[in-house]
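Read the structure below first, then the notes.
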Amino acid sequence: MTTFFVAKVSDIQDGKCQAFEVNGQKIAVFNVGGEFKATEGICRHKGGTLGEGALDGKVITCPLHGWQYDVTTGECVANDAVQKLAIYPVKIVDDQIEVEL
Numbered sequence: 058m059t060t061f062f063v064a065k066v067s068d069i070q071d072g073k074c075q076a077f078e079v080n081g082q083k084i085a086v087f088n089v090g091g092e093f094k095a096t097e098g099i100c101r102h103k104g105g106t107l108g109e110g111a112l113d114g115k116v117i118t119c120p121l122h123g124w125q126y127d128v129t130t131g132e133c134v135a136n137d138a139v140q141k142l143a144i145y146p147v148k149i150v151d152d153q154i155e156v157e158l
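Now the structure itself:
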C-alpha cells in the first residue's frame, strides 16, 4: 500500500466529509468525532459521490437516493446483502490526513 496526503485536519470539520480522487481512485474522508475514516467514494446503488453526502454520526447518506453506509465498517445500513465499501487506513501526520491505498 502507498500513503497519500489528502487534506489538512482543519479542512474537514467534525461531522463533515469530503470527496477526493487519489491515484485514480475516488475516495471519501469523514471526520467522526475527531477521528478520520476513509472509504471508497462511490455508492453501490447508482454511483453517487459519498463525500458529498450528509454524515450523521458514523453513517453517511448518499446524496442521490439516500442509501446509507457505516463509514467505520463499510456496511450498507439498510441492506446487508450489498457489498461493503472498501475501508482505507488513515494516519494523521503533523496536521495532515494521509490515506493508504
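Residues 58 to 158 (the numbering used here) make up the sequence shown, in order.
Glycine residues also receive a C-beta, built at the ideal position from the N, C-alpha and C atoms.
*asked:* Measuring straight from C-alpha to C-alpha, what distance separates ASN136 and ALA64?
replied: 31 Å
*asked:* From the DSSP secondary-structure annotation, give me the bridge partner or partners of CYS133.
replied: TYR126
*In or out: ILE149 buried (at least 16 other Cβ within 10 Å) or exposed?*
exposed
*asked:* Could you tell me the alpha carbon to alpha carbon distance between GLU92 and THR130, rounded to whole angstroms?
replied: 14 Å
_Taking 8 Å as the limit between beta carbons, can you name the residues of its chain near GLU155, skipping five residues before and five after?_
THR60, PHE61, PHE62, VAL63, VAL147, LYS148, ILE149
_For CYS119 and LYS83, what's the separation of their Cα atoms in angstroms?_
14 Å
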